[in-house]
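Chains as they are written, first to last, in the numbering used here: chain A, 408 to 673; chain B, 234 to 363. Accompanying notes for the structure given below.
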Amino acid sequence: MSHLLREHAPITEASWGLIDNEARERLTPALAARKLIDFAGPHGWKRSATNLGRTTPLVDTPVDALQAVQRRVLAMVELRAPFSIARSELRDGDRGADDVDLAALDAAAHRIATAENRAVFHGWPAAGITGIAQASSQEAIGLGQDCTLYPGHVAKAVEALLHAGIEGPYGLALGPEPYTRVLETEHGGYPLLEHLRKIIGGPLVWAPGVEGAVVVSQRGGDFLFDSGEDLSIGYDRHDVDAVAFYIVESFTFRVATPEAAVALSP
Amino acid sequence: MGFDQYHEPPAELPEQTRTFARLCASLTEEAEAIGWYEQRIAVESDRAAVAIMRDAQGEEFKHFAMDLEFLLRRTPLWREIAAGILFQEGDIVEHGEEAEEEAIEGAAARGEPMVGSTSLGIGSMRAAGS
C-alpha cells in the first residue's frame with residue numbers, strides 16, 4: 408500500500424474514478440508552468456532532493472590540516488491541498504448521478520495548480536525556490552492595463568532574448584487578468600491572442616498565480632522542474648458525513664539560465 | 234480451482250489489478266497448453282490425431298495472443314518494450330536491452346507515472362517539439 412492510503416478510503420472504485428477524473432480535468436487547464444518548462448521525473452515519494460552539483464566549504468574539520476566541503480542540494484517541497492466530499496454525494500454518484508458536488512475538489516485543484524505556477528514563476532523563498540521572474544537577468548517590462556500595447560511589449564521581450572543569444576520559439580505565461588483582457592480584444596481585426604502567438608512562435612497559456620506575464624525560452628534546459636511524487640490524490644480520514652482527501656505533490660524547481668526569460672510586470 | 238494467481242490477498246487488490254492477474258494466469262495456461270500440444274504432436278503417429286491436435290494448438294496460439302494483447306494495452310511501458318523486441322530480425326537479447334532502456338528513459342522524460350504509481354499521471358504538459 409502506498410503512502411496515499413487510498414485503499415483505506417470507505418468509497419467505491421467508481422468513486423475513486425470519479426474523483427481522479429475530475430481532478431485531472433480541473434488541474435490540466437491551470438498547470439501553466441508544466442506547459443512551458445522542462446519536467447523531469449516523477450522520481451517517486453522517496454525522492455528527497457535535487458542534486459545541484461555545488462558545494463559549501465566547511466571551515467571546521469574534525470582534525471587539523473584537512474579540507475572539507477558539503478554537498479548542496481535543493482530539498483523537495485511537499486504541497487498538499489485538502490478537501491472533503493459528502494458521503495451522500497459519493498453514494499449518489501454510485502447510483503449514477505452525473506451532477507455529484509465536487510466543488511471542494513475543484514477548489515483544491517485550482518489552489519495547488521496556482522501554487523505550483525506561483526512557485527515556478529515568482530518563487531517560494533521559504534522552500535528555497537527562486538522563480539523565473541526573480542531570477543531573470545533581463546530588465547522587466549511594464550505590462551500595464553492597455554492590452555493594445557501588449558504586442559509591442561512582448562516583441563520587446565523577444566528582442567531582449569534574441570540579444571542575449573536565446574533563440575525562439577518562446578512561450579508566454581499570462582496571468583488571469585491580462586489573459587482575459589487579451590481574449591476580449593482584437594488587434595487590426597485579428598484576435599490579439601493569435602497576434603501574440605505569432606510574435607512568440609510558441610505556446611501562450613493562461614497562468615493562474617502569475618502576476619502580469621512572463622516570456623520564457625522554449626529551447627529546453629533553461630527552467631527545470633524536478634518531480635518527486637507527481638500530483639496524486641490521497642485519503643486522510645472520514646466521519647459519518649464526509650470523506651477527507653488531499654491532492655499532493657513533491658517537487659523542486661530551479662532556473663539554469665537567468666537570461667532566458669523576461670518578466671512583464673503588471 | 235483456487236485463487237493462486239494472486240500473490241497478495243485478493244481483497245486488498247484493486248479490481249483492475251485482479252483482472253490483470255487473471256489474464257496473466259490465462260497467458261501462462263495458454264503457453265503451457267501450447268507446449269503440451271507440441272510434445273503430444275511430437276510423439277503421436279496417428280495423422281488424424283495429429284491434425285486435431287494441431288488445430289487445438291492453433292486455438293491456444295490465438296488465446297495466447299489475445300491475452301498478451303490485452304495485457305500490453307493495459308501496460309504502456311510493457312507494450313513499448315515488447316514493440317522493440319517482437320517481430321524484429323536480429324539479436325533478441327540486444328533488442329531487449331535497447332527496448333528496455335529506451336522505453337524507461339522515454340517514459341521518465343515524458344513525465345509518465347512510475348510503474349505501480351497511483352498518481353493522476355499528468356506529468357509534463359509541454360507539446361512535443363516545443
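Glycine included, every Cβ here is placed at the ideal spot set by N, Cα and C.
Apart from the five residues just before and just after residue i, which ones in its own chain have a Cβ nearer than 7 Å to its Cβ?
i	result
H415 (chain A)	Y642
V283 (chain B)	I274 and E277
G483 (chain A)	The sequence shown places Met at residue 483 (chain A), rather than the Gly named in the question. So the qualifying residues of the chain are R454, S455, A456, G635, S657, F658 and T659.
N458 (chain A)	V480
A289 (chain B)	Y270
Let me confirm a value: residue i is counted as buried when at least 16 other C-beta atoms fall within 10 Å, else exposed. Which label applies?
i	result
T521 (chain A)	buried
L412 (chain A)	exposed
D637 (chain A)	buried
E523 (chain A)	buried
L319 (chain B)	exposed
R433 (chain A)	buried
I285 (chain B)	exposed
D646 (chain A)	exposed
G713 (chain A)	Lying outside 408 to 673, the shown extent of chain A, residue 713 (chain A) is not represented and no answer is given.
At 9 Å on the CB atoms, spell out the chain B contacts of residue i, in chain order.
i	result
R441 (chain A)	G344, I355, G356, S357, M358 and R359
L434 (chain A)	L353 and I355
What are the boundary residues of the beta strand (DSSP E) that includes residue i?
i	result
H517 (chain A)	Taken as a continuous stretch (DSSP letters only), H517 (chain A) belongs to no beta strand (DSSP E), being part of the alpha helix (DSSP H) at A510 to H529.
E265 (chain B)	E265 (chain B) -> not in any beta strand (DSSP E); alpha helix (DSSP H) instead, spanning E248 to V276.
I640 (chain A)	S639 to H645
G460 (chain A)	A456 to L465
Can you name the residues of chain A whose CB is closer than 9 Å to the CB of residue i?
i	result
E322 (chain B)	Within 9 Å Cβ-Cβ: nothing; E322 (chain B) doesn't reach chain A, min ~35 Å.
So residue i contacts chain A; which residues on that side make the cut at Cβ distance below 7 Å?
i	result
T351 (chain B)	S409, L411, R413 and S639
E248 (chain B)	E420
Cβ closer than 7 Å: which chain B residues qualify as neighbours of residue i?
i	result
P489 (chain A)	Under the 7 Å cutoff, chain B gives no residues; its nearest Cβ is about 16 Å from P489 (chain A).
R431 (chain A)	L353 and I355
Could you pull the start and end residues of the alpha helix (DSSP H) that residue i belongs to?
i	result
R287 (chain B)	R280 to R307
R502 (chain A)	R494 to R502
P583 (chain A)	P583 to L590
A421 (chain A)	E420 to A437
Just to make sure I have the definition right: I need the residues of chain B whose C-beta is within less than 8 Å of the C-beta of residue i. Which are they?
i	result
L438 (chain A)	I355 and M358
D427 (chain A)	L353
F446 (chain A)	G344, G356, S357, M358 and R359
Give me, in chain order, the residues of the same chain whose beta-carbon lies closer than 8 Å to that of residue i; leave out the 5 immediate sequence neighbours on both sides.
i	result
L550 (chain A)	Y557, H560, P585, G619, A620, L671, S672 and P673
S491 (chain A)	A511, A649, V650, A651 and F652
S363 (chain B)	Model confidence at S363 (chain B) stands at a pLDDT of 42, short of 50, so the residue's coordinates are unreliable; what they give is reported in the following sentence. Closer than 8 Å at Cβ, skipping near neighbours: no residue.
Problem - Against chain B: residues of the stretch 624 to 655 of chain A by CB proximity under 8 Å - result: Q625, S634, E636, D637, L638, S639 and I640
Practice task
Using a Cβ-Cβ cut-off of less than 8 Å, give me the residues of the stretch 580 to 606 of chain A that come near chain B, in sequence order.
Solution key: none
Exercise for the section: Name, going along the chain, the residues of the stretch 238 to 262 of chain B whose beta-carbon falls closer than 7 Å to a beta-carbon of chain A. Expected result: E245, P247 and E248
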